[in-house]
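Residue numbers (the numbering used here): 269 to 401.
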């Protein structure tokens, strides 16, 4: 245990793969055996570091025809950029019984690959159920 800085390292040293229940199994035996874990850093080695491969693509690169992107991600990015209001484009509600609604991202022309801003709107579940699929 003293030679490793992570539970995964301990598991590998024991000759196992750090997957499945191995992590829980090893952690469950550390305290009863009285092993020192003060040197274990876990995933803190990555704290504060930037990883070049993890940058988000610019939002504008999604706002055109023929681009595949998850509706959830596109909705989140459009709201964060204040390009869409967080209310239903049809009836105007944003909450129901005092709780904020999760609005659906609707493609007005029905084409999920047409992400032009003029083709996107947020709808409440009720109004979205009334649109032609």
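Beta carbons: idealized from backbone N, C-alpha and C, even for Gly.
Bear in mind that the values here come from a model prediction, so they are computed numbers and not experimental data.
ask   = Can you tell me the Cα-Cα spacing of residue 330 and residue 359, whole angstroms?
value = Residue 330 and residue 359 have their C-alpha atoms roughly 27 Å apart.
inquiry  = Distance check for residue 344 and residue 326, CA to CA, integer angstroms please.
reply    = Per the coordinates, the alpha-carbon of residue 326 lies some 13 Å from the alpha-carbon of residue 344.
request  = May I have the straight-line CA-CA distance separating residue 382 from residue 336, to the nearest angstrom?
outcome  = Computed Cα separation, rounded: 9 Å.
key: Assigned exposure category for residue 278 - 16 Cβ within 10 Å defines buried   = Classification for residue 278: buried.
query = Going by the beta-carbon positions, is the gap between residue 351 and residue 371 smaller than 8 Å?
reply = No, they are not a contact pair.
query = Roughly how many angstroms separate the alpha carbons of residue 294 and residue 341, rounded to a whole number?
reply = Rounded to the nearest angstrom, the gap between the Cα atoms of residue 294 and residue 341 is 36 Å.
request  = With a threshold of 16 other CB atoms inside 10 Å of the CB of residue 379, please say whether the residue is buried or exposed.
outcome  = Result: exposed.
query = Any idea what DSSP makes of residue 373, helix, strand or coil?
reply = If DSSP states are grouped into helix, strand and coil, residue 373 belongs with the strands.
message = What does the alpha-carbon distance come out to for the pair residue 369 and residue 385?
response = Using only the alpha carbons, I get a separation of about 22 Å.
query = Could you give the uninterrupted runs of the beta strand (DSSP E) lying entirely in the stretch 301 to 359, keeping only those of 3 residues or more?
reply = Here no run is fully enclosed.
task = Please name the residue or residues paired with residue 382 in a DSSP beta bridge.
result = Paired residues: 333.
key: Proximity to residue 306 [Cα-Cα], best of 283, 374 and 270   = Residue 270 holds the alpha-carbon nearest to the alpha-carbon of residue 306 among 283, 374 and 270.
query = Between which two residues does the alpha helix (DSSP H) harbouring residue 281 extend?
reply = First-last of the alpha helix (DSSP H) with residue 281: 275 to 281.
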